[in-house]
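597 is the number that the UniProt record's numbering gives the last residue of the sequence shown; the numbers go up by one with no jumps. Worksheet for the structure shown next.
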Amino acid sequence: MKKIRNFSIIAHIDHGKSTLSDRLIQICHGLSEREMSNQVLDTMDLEKERGITIKAQSVMINYKDKNGNIFHLNFIDTPGHVNFSYEVSRSLAACEGALLIIDSTQGVEAQTLSNCYTALDMNLEIIPVLNKIDLPNSNLEKVSKEIEDVIGISASDAIRCSAKTGEGIKELIEYIIKKIPPPKGSIEQPLQALIIDSWFDNYLGVVSLVRIKNGILFEKDKIQVMSTGKNYFVEKIGIFTPKKIEKNQLKCGEVGWIICGIKNINAAPVGDTLTTTINPAKKRLTGFKKIKPQIYAGLFPVSSDQYEAFKNALGKLSLNDSSLFYEPENSSALGFGFRCGFLGLLHMEIIQERLEREYFINLISTAPTVMYEIELINGNKVYLDTPTKFPPINTIKKIREPITECNILTPPKFLGAIIKLCVKKRGYQIDMIYHTHQVLLKYQIPMNEIVLNFFDELKSVSSGYASLEYDFKCFKTAKMVRIDILINSERIDALTILVHKNNSQYRAREIVEKIKELIPRHQFDIVIQAIINNAIVARSTIKQLRKNVLSKCYGGDVSRKKKLLQKQKDGKKRMKKIGNINMPKTAFLEILNISKK
């Protein structure tokens with residue numbers, strides 16, 4: 001155990017975590033030169049296309065130090081985007097240390113702060129690493145000062161390296177061995193294995209990634225999931241190098257995968273503890289804090305035939321991503337689907353794209369909303385994320401919306417534009433701290449404004465230089481109103497949204513005009529209305545298609561013409577009562593995109 005080092009690689013997005021992982025694997029000969037590729041641990045097509053890490057990946061490699069001792073290095077490459085911070089906290093629970101990677105051309109950014117504080121809360125040994133020193137605009141002294149000023153940790157022993165060229169990587173490995181402590185625990189104790197990740201394989205069933213905290217796990221052992229008390233036989237165990245290598249045992253301090261022939265996707269939850277049936281451990285390990293979704297949206301299959309496949313796909317994805325929440329939902333406009341909870345808009349996009357790519361399910365998503373706290377006149381409190389389920393307005397005393405505490409790091413020249421953006425998003429300034437080359441802005445902003453398009457607008461006004469990190473703070477009273485859309489007096493539940501009162505009239509008109517553009521003309525008039533508190537605030541009519549019934553009448557009696565026109569009018573009335581409005585799916589998607597803004 002003294003020769004084992006477990007550590008995570010954490011950083012802001014695009015600071016070089018995955019490239020550093022590649023160099024560690026290459027130098028320690030985890031893969032041959034032929035098998036190596038750029039970002040070898042980013043296995044999903046989505047990760048390669050977007051250039052981001054979505055799933056944390058674990059690797060065990062061997063390194064021979066200058067004294068000839070062989071050390072086992074278990075490291076986990078983690079995501080850097082704020083939407084995947086839960087992946088980072090789970091990975092850190094399996095480690096004794098963390099490499100805090102900082103781009104020496106960009107400096108400290110918001111997610112650098114967040115990830116570093118998460119690691120400090122878990123009492124991990126943190127090694128600052130200044131990456132990209134090969135670039136001409138690298139500024140090592142400035143970034144070292146930023147680490148001490150902004151984060152508050154010493155940068156005097158920060159390792160300087162280039163993950164791209166390999167410069168300084170061997171020195172980094174030697175420093176990891178020296179600085180990060182070996183794992184604690186005892187081989188003699190009963191088995192305690194923490195499940196840090198799980199995924200579903202169509203042929204093998206549930207595959208779990210575990211960190212052995214105490215004892216030894218052997219192939220063919222009979223194990224117990226401590227939360228459920230259910231027993232399973234260990235069929236296969238092994239490690240990732242990053243190739244999947246089978247072994248016959250996993251010792252205390254090691255991280256590896258196990259297969260027990262579990263077919264039920266909920267039978268081995270992430271954060272649970274495994275122990276042996278014979279001589280079991282007396283208590284479970286501390287798991288992970290259950291993370292709450294930040295935004296909610298309805299997902300509906302385009303074809304109702306895909307509902308069962310969609311349900312199974314969500315079950316498999318939620319095993320791999322325990323921050324995904326879902327429950328059945330029924331919409332009169334879109335049919336049967338699921339109400340899903342996500343950590344942010346990027347998380348929602350990734351889940352939707354994975355469902356479409358990996359499980360071939362075409363989906364429509366409703367406008368994302370956040371969770372609101374509603375105080376009723378009778379004193380009860382309810383929490384709702386679906387606008388259609390809101391109680392009648394005369395029963396509501398107060399609506400409270402979730403507020404986030406945001407940390408925005410920016411160069412000083414973009415300060416004015418960012419403050420203007422925060423004010424536009426109903427933000428309240430808490431603090432402004434000037435550092436050597438950056439300004440840290442602390443704001444309280446409604447989550448509804450943050451999760452929709454704040455991140456994109458922030459990048460736009462700061463030319464990509466500002467960075468954002470946010471967390472839920474509290475609920476505050478807000479003047480929220482519900483906009484209902486009626487088409488020919490029928491409420492379309494999928495288009496119902498909640499907005500702030502100050503912006504409600506503009507949003508209502510915008511949605512009504514968009515619907516008018518997208519619905520084709522029918523044989524009868526289509527009346528589109530937007531309603532707030534039972535009052536019509538926007539209205540538009542798509543005029544009917546009319547046949548010229550008088551074309552065959554050449555002069556003659558005017559009463560004949562009136563009779564034909566009246567007959568047509570009566571027919572249109574009947575058609576309006578029984579006629580179905582044909583709204584193309586593409587129109588629905590366009591309208592929902594307007595609602596999401």
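By construction, the Cβ of each residue, glycine as well, lies at the ideal position given by its N, Cα and C atoms.
Nearest to Asn533 by C-alpha distance, out of Met480, Ser303 and Val527, is Met480. Using a Cβ-Cβ distance cut-off of 8 Å, the segment 515 to 528 and the segment 482 to 496 are in contact, since at least three pairs of beta carbons, one from each stretch, lie closer than that value. Taking a cut-off of 8 Å for Cβ pairs, the segment 414 to 425 and the segment 462 to 473 touch, as three or more such pairs fall below it. Under the three-pair Cβ rule at 8 Å, the segment 496 to 503 counts as touching the segment 383 to 398. Closest by C-alpha distance to Ile27, out of Glu174, Phe218 and Ala158, is Glu174. Bounds of any beta strand (DSSP E) do not take in Tyr117; it lies within the alpha helix (DSSP H) bounded by Ala110 to Asp121. Contact check for Val210 against Tyr296 fails: the beta carbons are separated by 9 Å or more. Taking Glu373 as the centre and dropping the five residues before and after it, the same chain places the C-beta of Lys381, Tyr383, Arg400 and Phe475 closer than 7 Å to its C-beta, in chain order. Taking the CA atoms as reference points, Thr477 sits about 7 Å from Lys398. Judged by their CB atoms, Thr410 and Leu441 are nearer to each other than the 9 Å cut-off. Residue burial is scored here from C-beta neighbours: Arg354 has at least 16 other C-beta atoms within 10 angstroms and is therefore classed as buried.
Excluding sequence positions up to five before and after Arg284, its CB lies within less than 6 Å of the CB of Met226 and Thr273, all in the same chain and listed in chain order.
Rounded to the nearest angstrom, the gap between the Cα atoms of Glu358 and Gln352 is 10 Å.
Here the segment 156 to 165 makes no contact with the segment 184 to 191; the two share fewer than three CB pairs at distances below 8 Å. Cys474 has Ile403 as its beta-bridge partners, per DSSP. Secondary-structure assignment with DSSP links Leu250 through a beta bridge to Leu217. The segment 299 to 315 and the segment 327 to 340 touch, with three or more beta-carbon pairs separated by less than 8 Å. Looking at Gly238, Ile147 and Leu130, the one whose alpha-carbon comes closest to that of Ser162 is Leu130. Relative to Glu254, the option among Arg509, Glu469 and Val59 whose CA is nearest is Val59.
Within the DSSP secondary-structure output, Asn330 pairs in a beta bridge with Phe336. Nearest to Ile9 by alpha-carbon distance, out of His72, Lys3, Gly68 and Cys95, is Cys95.
Going by beta carbons, Leu343 and Pro293 fall inside the 9 Å limit.
For Gly341, the secondary structure class from DSSP, reduced to helix, strand or coil, is strand. Beta-bridge partners assigned by DSSP to Ala93: none are found. Secondary structure note for Asp456: its alpha helix (DSSP H) is the uninterrupted segment Phe455 to Val461.
Following the DSSP letters along the chain, one finds Gln429 inside the beta strand (DSSP E) bounded by residues Tyr428 to Tyr434. Beta-carbon to beta-carbon, Glu405 and Lys473 are separated by about 4 Å, close enough to satisfy the 8 Å threshold. Taking C-beta atoms as the reference points, Ile291 and Cys252 fail to come closer than 9 Å. When the Cα atoms are used, Pro402 and Ile195 turn out to be separated by approximately 32 Å. Annotation for Tyr372: the continuous beta strand (DSSP E) segment containing it runs Tyr372 to Leu376. For Asp22, the uninterrupted alpha helix (DSSP H) run begins and ends at Lys17 to Ile27, by DSSP. Taking each of Pro190, Leu204 and Met122 in turn and checking the Cα distance to Lys222, the smallest one comes out for Pro190. When the beta-carbon positions are compared, His72 and Lys3 come within less than 9 Å of each other.
A straight line joining the alpha-carbon of Pro520 with that of Ala333 spans about 17 Å.
Contact check for Ser318 against Tyr326 passes: the beta carbons are separated by less than 9 Å. Residue range Lys381 to Leu384 is occupied by the beta strand (DSSP E) that includes Tyr383.
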